[in-house]
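Take a look at the structure below.
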Amino acid sequence: MNPLDQIHITFRRPELCVALTKLRPQDAVLLLAVIVHSHPRGGRVWTTTERLATELGLSGALVTESLERLCQWEFLSKIPSRPPVLSLEVGSLLVRNGEAPENLPLGPPAV
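Residue numbers for the sequence shown, in my numbering: 21 to 131.
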């Protein structure tokens with residue numbers, strides 16, 4: 021069984037609405053590819069522009085432009101690393117494993 025078949029991803033609704041309405045289609049596809057490969061607890065991924073471009077069938081220049089836009093919208097942040105490696109962290113769109121979603125009640129329901 022492929023380990024990617026077992027991934028459970030939880031998104032925050034307000035950030036997901038922004039992503040779906042404001043991002044260009046290639047930006048949204050790139051964001052999802054980064055999320056799928058990110059660590060479930062820390063939301064980080066180490067990759068290269070070339071790897072992302074090859075995986076998604078996009079040019080390296082388009083991937084670079086999309087990454088810049090995703091960082092501007094704060095869906096991703098770049099962590100300093102040695103080129104050609106990209107160290108990326110997914111922003112508040114992703115609910116990390118073990119983290120309670122904002123709309124989850126923390127106590128018993130009010131009667």
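Every residue, glycine too, gets a C-beta built ideally from N, C-alpha and C. Note that the structure is a prediction, hence the values are computed from the model and not measured.
At what residues does the beta strand (DSSP E) containing L108 begin and finish? Residue numbering aside, residue 108 sits at position 88 when the sequence shown is read from its first letter. Where L108 is concerned, the enclosing beta strand (DSSP E) starts and stops at 105-110.
Quick check on R102: does DSSP put it in helix, strand or coil? Indexing the sequence shown from 1 puts residue 102 at position 82. Here R102 sits in coil by DSSP.
Own chain, CB closer than 7 Å to V54, minus 5 neighbours either side, in chain order: As a working mapping, residue 54 is identified with position 34 in the sequence shown. Exclusion of the five residues before and after V54 leaves V65, L96, L108, V110 as the residues of its chain whose Cβ lies within less than 7 Å of its Cβ.
So for S86, helix, strand or coil by DSSP? Counting from 1 along the sequence shown, the entry for residue 86 is found at position 66. DSSP places S86 in helix when its eight states are reduced to three.
Across the stretch 27-44 and the stretch 70-80, are there enough close Cβ pairs to call them in contact, namely three or more that are closer than 8 Å? In short, these stretches do not touch, since the Cβ pair count stays below three.
Name the residue from Q92, L72, C91 whose alpha carbon lies nearest to the alpha carbon of V83. Reading the sequence shown from its first residue, position 63 is the one you call residue 83. Taking only the C-alpha atoms, the option nearest V83 is L72.
Span separating the alpha-carbon of L106 from that of R61: By one-based count along the sequence shown, residue 106 stands at place 86. By one-based count along the sequence shown, residue 61 stands at place 41. Approximately 18 Å, taken between the alpha carbons.
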